[in-house]
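A.B. asks: Have a look at this one.
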Amino acid sequence: MNKSFFIILSILIFSGCSSDSVNQASEAKERFTWSLVTTWPKNYPGLGMAPERFANLVDEMSEGRLKIKVFGAGELVPAMGVFDAVSNGSAEMGHGGAYYWKGKIPAAQFFAGVPFGLTADEINAWVNRGGGQELWQDLYRPFNLLPLPGGNTGTQMFGWFNKEIKSLEDIRGLKMRIPGIGGEVFQRAGGVPVNIPGGELYTALQTGTIDATEWVGPYNDLAFGFHQIADYYYYPGWHEPGSMLEFMINLDAWNKLPETLKVIVKTAAQAVNQDLLDEYTAMNNKALQELVSKYGVNLLPLPEEVLKEFKDISETVLDELAAEDTEFKKVYEHFKEFKNNVTNYHNISEDAFVKIRSIE
Ligand code: CA
Numbered sequence: 005m006n007k008s009f010f011i012i013l014s015i016l017i018f019s020g021c022s023s024d025s026v027n028q029a030s031e032a033k034e035r036f037t038w039s040l041v042t043t044w045p046k047n048y049p050g051l052g053m054a055p056e057r058f059a060n061l062v063d064e065m066s067e068g069r070l071k072i073k074v075f076g077a078g079e080l081v082p083a084m085g086v087f088d089a090v091s092n093g094s095a096e097m098g099h100g101g102a103y104y105w106k107g108k109i110p111a112a113q114f115f116a117g118v119p120f121g122l123t124a125d126e127i128n129a130w131v132n133r134g135g136g137q138e139l140w141q142d143l144y145r146p147f148n149l150l151p152l153p154g155g156n157t158g159t160q161m162f163g164w165f166n167k168e169i170k171s172l173e174d175i176r177g178l179k180m181r182i183p184g185i186g187g188e189v190f191q192r193a194g195g196v197p198v199n200i201p202g203g204e205l206y207t208a209l210q211t212g213t214i215d216a217t218e219w220v221g222p223y224n225d226l227a228f229g230f231h232q233i234a235d236y237y238y239y240p241g242w243h244e245p246g247s248m249l250e251f252m253i254n255l256d257a258w259n260k261l262p263e264t265l266k267v268i269v270k271t272a273a274q275a276v277n278q279d280l281l282d283e284y285t286a287m288n289n290k291a292l293q294e295l296v297s298k299y300g301v302n303l304l305p306l307p308e309e310v311l312k313e314f315k316d317i318s319e320t321v322l323d324e325l326a327a328e329d330t331e332f333k334k335v336y337e338h339f340k341e342f343k344n345n346v347t348n349y350h351n352i353s354e355d356a357f358v359k360i361r362s363i364e
């Protein structure tokens, strides 16, 4: 029996320590190393940096007890393999957008964004404070996953065109890169939606494979250089009014974490969710000014007639999807009720204020 044994023993006796709290103390010191796979190229500006910042925050907050190594698309698994990799435990975490998994879970799309849906503030409120998180967890639990909000782009742009859009006639036959439900709406309005990965968009637009493309907003679009090959930049991004990104965590890995590390992971995710939105808000207008003043981009609003048609079709498409899938219907009804309520208030608060702020 050495001296330190007696010291520890006396501490345990005098502090009334039970064996449970001894276990907790050793658990608290346990170290974890996780892999995080993303749907973005490594270090892609904006959205691609969110998981990197998250990993750094967790490392600092946990004093190195949870190390997370971030892998870009294609490094461990392809971009669209993220969901399966985290679900089966090949990686403990993932970062992407919930609408990418619509083939497995149609209702997941509400947790990224749907046409004429929620803005960034609104989707945060719905998920974090309005009951959305519980619905999202119910959708992902059968896949052994815990989802968490992972950033937001804010309201996107409708995109880049080489032709002016004056009426619905101009949409007909137009080949545009526009994925998801927005693409379905575009098709029913007479357009031809195509889905091309971000990295191939510039060449596709340059060579005329497509007539138009949406991407994100000025900050990310400027970096891709679309202004060099398209004349018109249309707004607003009715199809992505506030696209939320996501973290997903393998539930077996999650359940092995001590409570402190769980709190750290959740808190770091919340911080990154807000931080990415702040980055877009700060950077978008700067990039927009550069596009307009320096590069002479024609910035134009979509005609009301066209927006009205897109809105009507969006409602029809969402209703049809709800009729096909009970989960989709359940989430849609919850989402719709929240949207109606928040719209009612925002009409007389944020929206009313933003309008009068521009009065001259
Ligand atoms: Ca987009």
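Sequential numbering from 5 applies to the sequence shown in the numbering used here. Using N, Cα and C, we set each Cβ at its ideal position, and we do this for glycine too.
On the criterion of 16 or more Cβ atoms from any shown chain inside 10 Å, does Asn-128 qualify as buried, or is it exposed?
C.D. replies: Sequence index remark: in the sequence shown, residue 128 carries index 124 (1-based). By the Cβ neighbour-count rule, Asn-128 is buried, with 16 or more other Cβ atoms within 10 Å of its own.
A.B. asks: When burial is assigned at 16 or more other CB atoms within 10 Å of the CB, is Gly-267 buried or exposed?
C.D. replies: Position 263 of the sequence shown, counting from 1, holds the residue named residue 267. In the sequence on display, residue 267 carries Val and not Gly. Exposed.
A.B. asks: What residues in its chain sit with their C-beta under 7 Å from that of Asn-302, if we drop five residues either side in the sequence?
C.D. replies: On the sequence shown, position 298 is the one that residue 302 refers to. For Asn-302, the CB contacts under 7 Å within the same chain, skipping 5 residues up- and downstream, are Asp-235, Tyr-236, Tyr-237 in chain order.
A.B. asks: So which of Tyr-104, Leu-265, Leu-143 has the shortest CA-CA distance to Ala-59?
C.D. replies: The residue labelled residue 59 in the question sits at position 55 within the sequence shown. Selected option, being the one with the closest Cα: Leu-265.
A.B. asks: Using a Cβ-Cβ cut-off of 8 Å (strictly less than) and excluding sequence neighbours within five positions of Leu-80, which residues of its own chain qualify?
C.D. replies: Position 76 of the sequence shown, counting from 1, holds the residue named residue 80. Cβ within range, chain order: Ser-39, Val-41, Ala-89, Ser-94, Ala-95.
A.B. asks: Using the rule of at least 16 other Cβ atoms within 10 Å of the residue's Cβ for burial, across every protein chain shown, is Asp-323 buried or exposed?
C.D. replies: As a working note, residue 323 is residue 319 in the sequence shown. Exposed, since its Cβ has fewer than 16 Cβ neighbours within 10 Å.
A.B. asks: Spell out the partners DSSP gives Gly-163 in its beta bridges.
C.D. replies: Taking the sequence shown and counting its residues from 1, the one referred to as residue 163 is at position 159. Beta-bridge partners assigned by DSSP to Gly-163: Tyr-238.
A.B. asks: Name the residue from Phe-165, Phe-251, Ser-362 whose alpha carbon lies nearest to the alpha carbon of Ser-91.
C.D. replies: Position 87 of the sequence shown, counted from the first residue, corresponds to residue 91. Cα-wise, what sits closest to Ser-91 is Phe-251.
A.B. asks: For the candidate residues Glu-337, Pro-45, Glu-309, Tyr-349, whose alpha-carbon lies nearest to that of Leu-139?
C.D. replies: Sequence index remark: in the sequence shown, residue 139 carries index 135 (1-based). Nearest of Glu-337, Pro-45, Glu-309, Tyr-349 to Leu-139, Cα basis: Glu-337.
A.B. asks: Since Asn-199 and Pro-183 are thought to touch, with beta carbons under 8 Å apart, how far apart are those beta carbons, to the nearest angstrom?
C.D. replies: Taking the sequence shown and counting its residues from 1, the one referred to as residue 199 is at position 195. Taking the sequence shown and counting its residues from 1, the one referred to as residue 183 is at position 179. So it is a contact: roughly 5 Å between Cβ atoms.
A.B. asks: Considering only C-alpha positions, which residue in the set Val-321, Ile-185, Lys-315 is nearest to Ala-102?
C.D. replies: Translated into positions along the sequence shown, residue 102 becomes position 98. The shortest C-alpha separation from Ala-102 is found at Ile-185.
A.B. asks: Straight-line CA distance for Tyr-144 to Pro-151?
C.D. replies: The residue you call residue 144 lines up with position 140 of the sequence shown. The residue you call residue 151 lines up with position 147 of the sequence shown. Their Cα atoms are separated by approximately 7 Å.
A.B. asks: Whole alpha helix (DSSP H) runs in the region 17 to 98 with 4 or more residues, listed along the chain?
C.D. replies: 23 to 33, 54 to 65, 86 to 91
A.B. asks: Mind checking whether Phe-36 and Leu-261 have CB atoms under 9 Å apart?
C.D. replies: Taking the first residue of the sequence shown as 1, we reach residue 36 at position 32. Taking the first residue of the sequence shown as 1, we reach residue 261 at position 257. Yes, Cβ-Cβ distance for Phe-36 and Leu-261 is below 9 Å.
A.B. asks: Report the option in Val-358, Lys-359, Phe-120, Gly-212 whose CA atom is closest to the CA atom of Asn-344.
C.D. replies: Along the sequence shown, one-based indexing puts residue 344 at 340. Measuring from the Cα of Asn-344, the nearest candidate turns out to be Phe-120.
A.B. asks: Quick check: the Cα distance between Met-84 and Thr-43, rounded to an integer number of angstroms?
C.D. replies: Residue mapping note: residue 84 aligns to position 80 of the sequence shown, counting from 1. Residue mapping note: residue 43 aligns to position 39 of the sequence shown, counting from 1. Approximately 7 Å between the Cα atoms of the pair.
A.B. asks: From Ile-360 to Asn-351, what distance separates their C-alpha atoms?
C.D. replies: For the purposes of this step, residue 360 is taken as the residue at position 356 of the sequence shown. For the purposes of this step, residue 351 is taken as the residue at position 347 of the sequence shown. Answer to the nearest angstrom: the Cα atoms are 12 Å apart.
A.B. asks: Between which two residues does the alpha helix (DSSP H) holding Val-358 run?
C.D. replies: Position 354 of the sequence shown, counting from 1, holds the residue named residue 358. Taken as a continuous stretch (DSSP letters only), the alpha helix (DSSP H) holding Val-358 covers 354 to 361.
A.B. asks: Taking contact to mean 3 or more Cβ pairs, one atom from each stretch, closer than 8 Å, check whether the region 106 to 124 and the region 327 to 334 are in contact.
C.D. replies: yes
A.B. asks: Provide the residue(s) that pair with Arg-181 in DSSP beta bridges, ordered along the chain.
C.D. replies: Within the sequence shown, the letter at position 177 stands for residue 181. When DSSP reads this structure, Arg-181 sits in a beta bridge with Val-198, Thr-217.
A.B. asks: Could you tell me the alpha carbon to alpha carbon distance between Lys-167 and Asp-215, rounded to whole angstroms?
C.D. replies: Translated into positions along the sequence shown, residue 167 becomes position 163. Translated into positions along the sequence shown, residue 215 becomes position 211. Approximately 8 Å between the Cα atoms of the pair.
A.B. asks: On the premise that Gly-241 lies in contact with Thr-123, defined as a C-beta separation below 8 Å, what is that separation, rounded to the nearest angstrom?
C.D. replies: Taking the first residue of the sequence shown as 1, we reach residue 123 at position 119. Taking the first residue of the sequence shown as 1, we reach residue 241 at position 237. Contact doesn't hold; Cβ gap of about 11 Å is too wide.
A.B. asks: Compute the distance between the beta-carbons of Gly-163 and Thr-213, then report whether it is under 9 Å.
C.D. replies: Position 159 of the sequence shown, counting from 1, holds the residue named residue 163. Position 209 of the sequence shown, counting from 1, holds the residue named residue 213. No; because the gap between Cβ atoms is not below 9 Å, this pair is not in contact.
A.B. asks: I'd like the list of long-range same chain contacts for Leu-292, defined as Cβ closer than 7 Å, with 5 residues on each side in sequence excluded.
C.D. replies: Residue mapping note: residue 292 aligns to position 288 of the sequence shown, counting from 1. The residues are Pro-222.
A.B. asks: Which residue or residues does DSSP assign as beta-bridge partners of Met-253?
C.D. replies: As a first step, residue 253 must be located in the sequence shown, where it is residue number 249. A small correction: the amino acid at residue 253 is Ile; Met does not occupy that position in the sequence shown. According to DSSP, which records beta bridges pairwise, Ile-253 is partnered with Met-97, Leu-150.
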